[in-house]
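Below is one structure, written out as structure tokens; comments come after it.
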Amino acid sequence: MPRPHGQDHWPTSYPECGSNAQSPINIQTDSVTFDPDLLPLQPHGYEQPGTEPLNLHNNGHTVQLSLPSTLYLEGLPRKYVAAQLHLHWGQKGTPWGSEHLINGKATAAELHIVHYDSESYESLSEAAQRPQGLAVLGILIEVGETKNPAYEHILSHLHEIKYKDQKTSMPPFNVRGLLPPLLAQYFRYNGSLTTPPCYQSVLWTVFHRRAQISTEQVSSGEVRQWSYNLKPFPTPQSKGHSSLSPTLLLLSWKSFGRHCSPRRRSPLSHWYRTTEPPSLSISGWSLLLSSKVTVQGLEKGTGNWGIQWQELGCP
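Residue numbering for the sequence shown follows full-length UniProt numbering, beginning at 1 and increasing consecutively.
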């Protein structure tokens, strides 16, 4: 018999889709934790990604742009090189299209720029199955008054790829223009691919500031016709936003979130509970928690296995 379809049935065919570190998430800003150890994110090569044409592809759900490996990120645990970017936006009359929410609110669209750990893995496909093998930048996009020339580079070619599997090439452009201002302000967490196979391999960076495109760009005939031909992308609202422990949703700046002066910080202990002996390499927390893990074993009085770690938190 054929297997049932739909997001409720994803875990049947893809077990990781039912795991507890799934993306996207609803970022509650009153529950994030300021981490002074998070480094400023530095994109390299974004301003001029070579001289060769870039390949633009309609995969039936969205538009995907291949990126050269000369684009890479610093400020992460290892060197992550760019592979591709793609857009998520509303389908046929829906005003929202972002995958991540902030305080329960979505935006018109969301851009994902996908990178992989080139120091540890040979390819994107290999890295996608490994903890923190991928680093994805999430840029929330809102509608404003001013036309965005960087996004126009992509949108102006949509009429060439109206249907699934159509491809075209476009000149290289300043990819840095797709990013929001103030790259030092972001949310960081360990999560997953947002669609099957849902590998929990993604080190997510979701920027606090938003990129803007104009109403004219959103409502242009090219964009409307291209969107109409897409199959509905699985929506994060029906997948269900993950609920991560606030101690694992980290903040790179002090505008809000829980923080205090270094002299007032005191050790706080936490348990990650599971019915099986846990493995940091499997959970994907090895880099996020490597300096904080103190105990791995049975939690006293519960019979549960757990990983205990300490962090400096506000008393």
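Positions of the beta carbon are idealized from the N, C-alpha and C atoms, including for glycine.
- Going by beta carbons, ILE113 and ALA150 fall outside the 8 Å limit.
- A direct Cα-to-Cα measurement between VAL32 and GLU160 gives close to 42 Å.
- Residues of the same chain with a CB within less than 8 Å of the CB of GLN185, apart from the 5 flanking positions on each side, are PHE207, HIS208, ARG209, SER252, TRP253, SER255 in chain order.
- In the DSSP annotation of this structure, the continuous segment of the alpha helix (DSSP H) that includes ALA150 starts and ends at 149-155.
- As far as DSSP is concerned, ALA108 takes part in no beta bridge.
- Contact fails between the segment 154-168 and the segment 186-196, because fewer than three Cβ pairs, one in each stretch, are under 8 Å apart.
- Using a 10 angstroms sphere on the CB of TYR46, the tally of other CB atoms reaches 16 or more, which defines it as buried.
- In the structure shown, PRO43 falls within a strand segment according to DSSP collapsed to helix, strand and coil.
- CA-to-CA, the gap between LEU250 and LEU203 works out to about 12 Å.
- In this structure, the beta-carbon distance from SER66 to GLN48 does not fall below 8 Å.
- For TYR116, the number of other beta carbons within 10 angstroms of its own is at least 16, and it is reported as buried.
- Take the alpha-carbon of VAL136 and the one of THR205: they are about 6 Å apart.
- When secondary structure is reduced to three states using DSSP, LEU158 falls in the helix class.
- Taking each of THR107, ILE102, LYS162, LEU111 in turn and checking the Cα distance to GLU142, the smallest one comes out for THR107.
- The beta-bridge partner set that DSSP reports for GLN212 consists of GLU142.
- Straight across, the Cα-Cα distance linking GLU99 with THR195 is about 11 Å.
- Ranking LYS79, LEU87, CYS17 by CA distance to the CA of LEU158 puts LEU87 first.
- Each residue's CA atom was taken as its position, placing CYS198 and GLU16 some 6 Å apart.
- Shown here for TRP89: same chain residues with a beta carbon closer than 6 Å to its own, the five before and five after excluded, namely GLY97, ALA109 in chain order.
- Collapsing the DSSP output to three states places GLN217 in a helix.
- According to the DSSP secondary-structure assignment, ALA135 is paired through a beta bridge with HIS115, LEU203.
- A direct Cα-to-Cα measurement between LYS162 and GLY60 gives close to 9 Å.
- For LEU124, the uninterrupted alpha helix (DSSP H) run begins and ends at 124-127, by DSSP.
- DSSP assignment within the segment 163-196 yields the following whole beta strand (DSSP E) runs of 3 residues or more, N-terminal first: 167-170, 186-191.
- Within the same chain, ALA150, HIS153 come within 7 Å of PHE173 by CB-CB distance, once the 5 residues on both sides are set aside.
- 8 Å or more divides the Cβ of LEU134 from the Cβ of GLN217.
- Cβ neighbours of PRO68 within its own chain (closer than 6 Å, five residues either side excluded): PRO49, GLY50.
- When C-alpha distances from GLU52 are compared across ARG78, PRO171, GLY138, the shortest belongs to PRO171.
- Excluding residues up to 5 positions away in sequence, TYR116, LEU134, LEU193, TYR199, SER201 lie with their Cβ nearer than 8 Å to the Cβ of ALA128 in the same chain.
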